[in-house]
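**Student:** Protein chains in written order, with the numbering used here: chain W, 659 to 1085; chain G, 2 to 307; chain L, -15 to 335.
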Amino acid sequence: MSRNSLTLLGLLALVMLCCEKKEGGTTSPAPGSGTGTQASSGSAGAPPSTGNVHAATPAPPGTPLAPGSGGAEGDVVLIGEVGSLTGPEASFGISTRNGIELAVNQANASGGVKGKKIAVRVYDDQSKPEEAANAATRLINQDHVKVILGEVASTNSLAMAQKAQPAGVPMISPSSTNPKVTQVGNYIFRVCFIDPFQGFVMAKFSHENLKVKRAAVLKDQKSDYSLGLTEYFTRTFTEMGGKIVTTEAYAKGDSDFRAQLTAIKGQKPDAIYIPGYYTDVGIIARQARELGIPKKVPLLGGDGWRSEKLFELGGSAIEGSYFSDHYSPDNPSPIVQKFIAEYKQAYGSVPDSLAGLGYDSARVAIAAMKKAPDLSGPAIRDAIAQTKDFPGVAGTISLDENRNAVKPAVVLQVEDGKLKYMTTISP
Amino acid sequence: MADLLQHLINGLATGTIYALVALGYTMVYGVLKLINFAHGDVMMVGAYLGYAAAQKLGRTAQSSFLGVLLIFLAAMAGCALLGLAIERFAYRPLRAKPRLTSLITAIGISFTLEYGFQLDFGPLPGAAPRAFPEIIKATEWFVIGDGDVVIWNWQVISLLVAVALMLTLQYLVFRTRFGKAMRAVSFDHRIAALMGIPIDRVIAITFMLGSALAAGAGILYAIKDTAIHPLMGLYVGLKAFVAAVIGGIGHVPGAVAGALLLGLVEEFVVGYTASSWRDAVAFGFLIIVLLVRPEGLFGRVSAEKV
Amino acid sequence: MDSAAVRVSSAIPTGLRGLAPFLIAIPILAALQLAVNEMPFLVYIASIVGVNIILAVSLNIVNGMTGQFSIGHAGFMAVGAYIAGKFSLQLRDVAISALPIALSDQILLVAALLIGGSCAALCGFIVGLPSLRLKGDYLAIVTLGFGEIIRVIVQNTEAFGRALGLSGIPQRASFFMVYFWVFLTIVVARRIAASTHGRSLWAIREDEVAAESMGVNTTGYKVRSFVISAFFAGVAGGLFAHFVPIINPGSFTFVKSIELVVMVVAGGLGSTTGSILAAIVLTLLPEAMRSAFIALSGGQASLAQKVDQIRMPIYGILLVLLMLLRPQGLFGNREIWDVLPRWFARRRKGT
């Protein structure tokens, strides 16, 4: 026995000795290129694209090969969507789906793309990354979709992006704000701003406009969105000379926040930053006021707050709070007003920010398909990349060289169960 | 100090609700030796039934005493029927089969309820959380200092309701003919059947009672959290099961004690460390209790007969 | 019960008997690998199925053969996935100099899997220890608790990427590699079942006290079966981490453990082939429903397409129906070759 283990150790040492740094050219192989699982991009002769997250340098456009373009089924252009229709994030996925569906219906009513109708194929990923990757693979290889739209959660978008990028299918994430998502490669876009910017916006607003000196943070430990916003808010706020008195955490799906709020209350902050989704924030607000955190301590948040449900869940407790968002509902722009009216008519509720972003992502994709010379992956990708000053409902969209939307954020205040425009903060 | 007292109160309030759910687990386990995994989801259905009843009653009626009573009764009756149906169609046909079989059907039912309630067509509610109507307007019942320690009326009410339901249950189990039958079935259902006890009926009624308790817990939970959603039963059910095991599964006062302990432990973890560690500490606590006392705190040590 | 297998292998020289399955399986797997190379979707689904087979078969060693009730298998999977994933992530730029890159990648992958599996096995040892004192449902809840604790620890550790998870793990697990491990797991499970070891496990399952009085070291066997089972769960997790683009704690909740228990029970407790079949069927079921919906709606967006979410409630109902119709699981505690001939015989008698 002992002799065997000695031999094993020796072998291991030998293997270790043989190890060395890989040569420069192959530092970052595309996922699967070593084994040939995804040989479809490699075997066809095109160099493997930078498929990994850490390699931020985008490959020259057009390197990955387009998937078999034989999937154009007659007179229908197929778009794929992956969303969390079940599981803990289902309410976000359903909003996004509604927004996308609305955009597609509108586009079809006005003639579709290149004389063809657009159809959306929606797959549920149960809020799990492996299911998201599965759904994306299915959309790419079985359904041969032209563009993939989705996910809300950055984890799931990352999973999908690593399938879409090597296959050369453009993907637009409506609302994944983690910077890593678009770093996957040059086929991955988003129509929302990223975490650092939003954290910056609220830190700036609270420090300069509200004169907050001592802020507390209540973050969602299970959501990368919340962690990202917390990180950048904390950094900016401290740099500006403010003080974070305490950072408490909850986990998505919790519904009792009294213990954390009791701890926050003990620190007597001037404001509480809660970068979560409306599903939790409404309840948090109610319990905060109930525990006697005075109304003069405002609650601050991000675009995840935007929903009619916030007023329903938060009631009067949410009054006087501020959050950063993509657009103001008072915006007289006909696009915004038309969207709100039609959404209400179709789904019986006022759209939340996720529905707005879903709507935008679909419209960007459709506009790009109209503009592109043909419906191949690279052509659509190039058309999406050229998106500039696109009038979306959630702000004017211009995509930068990192394929992120650059747009100003607005700060809104909750007043009498309505949203009041406060100010606009530009990047 | 004030913090400590406040956490103590909040922990007890959470614990009473766990206790109601844990009682259902323990009762069903007592008669069937079955972990009813769908129990937490029955609680969720109870909360939704309460929500529907409150909507039907309208804003003024729902906050009157009679209205609240009606909401509770409606939800409890609805869940009792649900429990009856689950027992009849999913568990009874498998009673003579290995116990694991019914565990799988329990899981199947749990999936069906959880995911079914996430659909948004027909009468189904959809995945988004809903604000539970304020059927009990939250007011401060008792305040120490400048709002340092607050006891809320709903905390008192849920404690009273929970205690009342537990006392009723204790009376039912130990003082009535039905209770005697239930204990007999729990002891050995083959012998109980030979003694002329209608075990089908006893088991069915036990399920109905447990489900009704879960519905009551669901509404109290909804009042506490001010919102309901389709997955609310998942972890509450799990925690209640943990509580029942800590107390010694099958033991009625043990379930209550276990639940209160668990509620306190969780509250202190969240209050003094971080909420993200709560589940780990809750299960760590369970493991330690079981390693020291393998039958739970109050469970009877059963010598194995050969 | 293993007579059929014994009869076949008795024709082979004794020295080769242990190796024979490998000599047959490896060329077949290599050929399949070549065949599926161009079908990423098939490969992906097949890999998920493969991982679930490993998990179900290994869980069956504890739940089916030994009769202990573990519902924390996803925890072991998480340990394997994170440790192996982290290992590969650290060594992503390293290669073994004398070998071609592809081969050295595969060797590193195997190393990662073994490390992940060993860590999981260590956890399995720790979880197995309480089985000295705890029985039945009590043990079940402890295993569940361990699984959840592991998940919470991962979720709170910066090095494991917290909520966002680990991404950028080199995607090295090929179809061949996944199914090689599937094959290995099955061979180990079958050989355990046919050995003295297996007989002791069956004895513990049927009656622990009787087994002990017959001189079976129940404690040792129970802990050992936990360790073996956890090792393969860890390997499965490691494989999972090497073909799923991102792993995060949400993939290893107790719901995953429960899905695995469902596979084992639905296949028939103790039946390795049953676990395999159940793992295949239950993993493909949601995907098959998806295809069915598309076929029904004629390829267009329709109600069924819009509500892809309806698959999960249907899955739940099917579980209940399956148990009502075949309470002992697909094959009871037999294997497919024990059951199938009898089914055919019954058919023939009927007609």
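Positions of the beta carbon are idealized from the N, C-alpha and C atoms, including for glycine.
Going residue by residue through the region 841 to 882 of chain W, where are the continuous beta strand (DSSP E) segments of at least 3 residues, counting only ones entirely within it?
**Tutor:** Runs found: 846 to 848 and 872 to 878.
**Student:** Is the region 254 to 268 of chain L touching the region 36 to 45 of chain L in the sense that three or more CB pairs, one from each, lie closer than 8 Å?
**Tutor:** Output reads yes: the region 254 to 268 of chain L touches the region 36 to 45 of chain L.
**Student:** Quick one, are the C-beta atoms of W/Leu1015 and W/Ser979 less than 8 Å apart?
**Tutor:** Here residue 1015 of chain W is taken as the residue at index 357 of the first sequence, counted from 1. Here residue 979 of chain W is taken as the residue at index 321 of the first sequence, counted from 1. Taking 8 Å as the Cβ cut-off, W/Leu1015 and W/Ser979 do not qualify as a contacting pair.
**Student:** What residues in the region 128 to 159 of chain L bring their beta carbon closer than 7 Å to a beta carbon of chain G?
**Tutor:** Cβ contacts with chain G: Gly129, Glu132, Ile133, Val136, Ile137, Gln139 and Asn140.
**Student:** Consult DSSP for L/Gln52 and reduce its assignment to one of helix, strand or coil.
**Tutor:** Taking the first residue of the third sequence as position 1, residue 52 of chain L is located at position 68. L/Gln52: coil per DSSP, three-state reduction.
**Student:** Of all the CB atoms in chain G, is at least one closer than 8 Å to the CB of W/Gln918?
**Tutor:** The count along the first sequence starts at 1 and reaches residue 918 of chain W at position 260. W/Gln918 counts as touching chain G.
**Student:** Cutting at 6 Å between CB atoms, please list the residues of its own chain near L/Leu116, excluding the five before and the five after it.
**Tutor:** Sequence index remark: in the third sequence, residue 116 of chain L carries index 132 (1-based). Here the set comprises Thr203.
**Student:** If distances are taken between C-alpha atoms only, which option among G/Ala260, G/Trp278 and G/Gly300 comes closest to G/Gly12?
**Tutor:** Within the second sequence, residue 12 of chain G is the residue found at index 11, counting from 1. Of the candidates G/Ala260, G/Trp278 and G/Gly300, the one whose C-alpha sits nearest the C-alpha of G/Gly12 is G/Ala260.
**Student:** Compare the C-beta of G/Leu166 with all C-beta atoms of chain W and state if any pair is closer than 8 Å.
**Tutor:** In the second sequence, residue 166 of chain G corresponds to position 165, counting from 1. False, the Cβ-Cβ gap to chain W never drops below 8 Å.
**Student:** Taking DSSP as the reference, what is the three-state secondary structure of W/Thr835?
**Tutor:** One-based indexing of the first sequence puts residue 835 of chain W at position 177. The answer is coil: DSSP assigns W/Thr835 none of H, G, I, E or B.
**Student:** Would you call the region 104 to 114 of chain G and the region 300 to 313 of chain L touching, i.e. three or more CB-CB distances under 8 Å?
**Tutor:** Cβ pair count under 8 Å is three or more, so yes.
**Student:** Under 8 Å, with one C-beta from each stretch per pair, do the region 125 to 144 of chain G and the region 1062 to 1077 of chain W reach the 3-pair mark?
**Tutor:** In short, these stretches do not touch, since the Cβ pair count stays below three.
**Student:** Report buried or exposed for W/Pro1172, applying the criterion of at least 16 other Cβ atoms within 10 angstroms of its Cβ.
**Tutor:** Missing from the structure shown is residue 1172 of chain W; chain W here goes from 659 to 1085 and no further.
**Student:** Starting from the C-beta of L/Phe164, find all residues in its chain whose C-beta is less than 7 Å away, skip the five residues before and the five after it, and write them out in chain order.
**Tutor:** As a working note, residue 164 of chain L is residue 180 in the third sequence. Correct list, in chain order: Leu13.
**Student:** How should W/Gly773 be labelled, buried or exposed, when 16 other C-beta atoms within 10 angstroms of its C-beta is the threshold for buried?
**Tutor:** In the first sequence, counting from the first residue as 1, residue 773 of chain W sits at position 115. It is exposed - the Cβ of W/Gly773 has fewer than 16 other Cβ atoms within 10 Å.
**Student:** Output yes if chain L places a C-beta closer than 8 Å to the C-beta of W/Thr795; else output no.
**Tutor:** On the first sequence, residue 795 of chain W is found 137 positions in, with the first residue counted as 1. Yes - at least one Cβ of chain L is within 8 Å of the one on W/Thr795.
**Student:** Which residue wins for smallest C-alpha separation from G/Leu298, given the options G/Ala258, G/Gly84 and G/Val282?
**Tutor:** Here residue 298 of chain G corresponds to residue number 297 of the second sequence, with the count starting at 1. Nearest of G/Ala258, G/Gly84 and G/Val282 to G/Leu298, Cα basis: G/Ala258.
**Student:** Might you give, ordered along the chain, the residues of its own chain that have their beta carbon closer than 8 Å to the beta carbon of W/Thr1054, omitting 5 neighbours on each side?
**Tutor:** Here residue 1054 of chain W refers to the residue found at position 396 of the first sequence. Closer than 8 Å at Cβ, skipping near neighbours: Asp1047, Phe1048 and Lys1065.
**Student:** Does the separation of the CB atoms of W/Thr754 and W/Gly741 fall below 8 Å?
**Tutor:** For the purposes of this step, residue 754 of chain W is taken as the residue at position 96 of the first sequence. For the purposes of this step, residue 741 of chain W is taken as the residue at position 83 of the first sequence. Cβ atoms of W/Thr754 and W/Gly741: closer than 8 Å.
**Student:** Interface residues of chain W around G/Asp272 at Cβ under 9 Å?
**Tutor:** Residue numbering aside, residue 272 of chain G sits at position 271 when the second sequence is read from its first letter. According to the sequence provided, residue 272 of chain G is Gly. The question's Asp does not apply to it. Neighbours of G/Gly272 on chain W, chain order: Arg916, Ala917, Gln918, Thr920 and Ala921.
**Student:** Is W/Asp1032 buried or exposed, if buried means 16 or more other CB atoms sit within 10 Å of its CB?
**Tutor:** The residue given as residue 1032 of chain W occupies position 374 in the first sequence. Answer is exposed; the Cβ neighbour count stays below 16.
**Student:** Taking only three categories from DSSP, how would you classify W/Ile932?
**Tutor:** Indexing the first sequence from 1 puts residue 932 of chain W at position 274. Coil at W/Ile932, not helix or strand.
**Student:** Rounded to the nearest angstrom, what separates L/Gly152 and L/Arg76 at their Cα positions?
**Tutor:** In the third sequence, counting from the first residue as 1, residue 152 of chain L sits at position 168. In the third sequence, counting from the first residue as 1, residue 76 of chain L sits at position 92. One C-alpha to the other measures close to 9 Å.
**Student:** Check the Cβ-Cβ distances between W/Gln696 and every residue of chain L, and say whether any is below 8 Å.
**Tutor:** In the first sequence, the residue the question calls residue 696 of chain W occupies position 38. Residue placement at W/Gln696 cannot be trusted, given a pLDDT of 36 that sits under 50; the coordinates are not used to answer.
**Student:** Indicate whether the contact test is met: 3 or more Cβ pairs, each with one atom in the region 817 to 835 of chain W and one in the region 789 to 796 of chain W, closer than 8 Å.
**Tutor:** The region 817 to 835 of chain W, when compared against the region 789 to 796 of chain W, does touch it at the 8 Å Cβ threshold.
**Student:** For W/Asp1074 and chain G, any beta-carbon pair shorter than 8 Å?
**Tutor:** Locating residue 1074 of chain W in the first sequence gives position 416, counting from the first residue. No, because no Cβ of chain G sits closer than 8 Å to the Cβ of W/Asp1074.
**Student:** Report yes or no: do the region 217 to 225 of chain L and the region 97 to 108 of chain L share at least 3 C-beta pairs separated by less than 8 Å?
**Tutor:** Because the criterion of three Cβ pairs below 8 Å is met, the region 217 to 225 of chain L and the region 97 to 108 of chain L touch.
**Student:** Is the distance from the Cβ of W/Tyr845 to the Cβ of W/Asp878 below 8 Å?
**Tutor:** Numbered from 1 along the first sequence, position 187 holds the residue referred to as residue 845 of chain W. Numbered from 1 along the first sequence, position 220 holds the residue referred to as residue 878 of chain W. For W/Tyr845 and W/Asp878, no; Cβs fall outside 8 Å.
**Student:** I need the straight-line Cα distance from G/Met233 to G/Asp42, nearest angstrom please.
**Tutor:** As a working note, residue 233 of chain G is residue 232 in the second sequence. As a working note, residue 42 of chain G is residue 41 in the second sequence. Approximately 8 Å, taken between the alpha carbons.
**Student:** Taking a Cβ distance cut-off of 7 Å, strictly less, list which residues of the region 255 to 270 of chain L are near chain G, in chain order.
**Tutor:** Against chain G - using a Cβ distance shorter than 7 Å - the region 255 to 270 of chain L contributes no residues.
**Student:** Please tell me whether, using a cut-off of 7 Å, the distance from the CB of W/Ala767 to the nearest non-hydrogen atom of the ligand FMN is below it.
**Tutor:** You won't find the ligand FMN in this model; it holds no ligand whatsoever.
**Student:** So L/Leu128 and L/Phe238 are in contact, right, with Cβ under 8 Å, and what is the actual spacing, rounded?
**Tutor:** For this step, residue 128 of chain L is matched to residue 144 along the third sequence. For this step, residue 238 of chain L is matched to residue 254 along the third sequence. Contact holds; Cβ gap of about 6 Å.
**Student:** By how many angstroms is the C-alpha of W/Arg944 removed from the C-alpha of W/Glu1073?
**Tutor:** Position 415 of the first sequence, counting from 1, holds the residue named residue 1073 of chain W. Position 286 of the first sequence, counting from 1, holds the residue named residue 944 of chain W. Computed Cα separation, rounded: 15 Å.
**Student:** Chain G partners of L/Asp121, CB-CB under 7 Å?
**Tutor:** Looking up residue 121 of chain L in the third sequence gives position 137. Result: Ile36 and Ile250.
**Student:** Please list the partners that L/Val228 has in chain W, where partner means a Cβ-to-Cβ separation under 8 Å.
**Tutor:** On the third sequence, position 244 is the one that residue 228 of chain L refers to. Under the 8 Å cutoff, chain W gives Pro787, Glu788, Ala791 and Ala817.
**Student:** If you measure beta-carbon to beta-carbon, which residues of the region 888 to 916 of chain W are closer than 7 Å to chain G?
**Tutor:** If the cut-off is 7 Å between Cβ atoms, the region 888 to 916 of chain W has Ala907, Tyr908, Ala909, Gly911, Asp912, Ser913, Asp914 and Arg916 near chain G.
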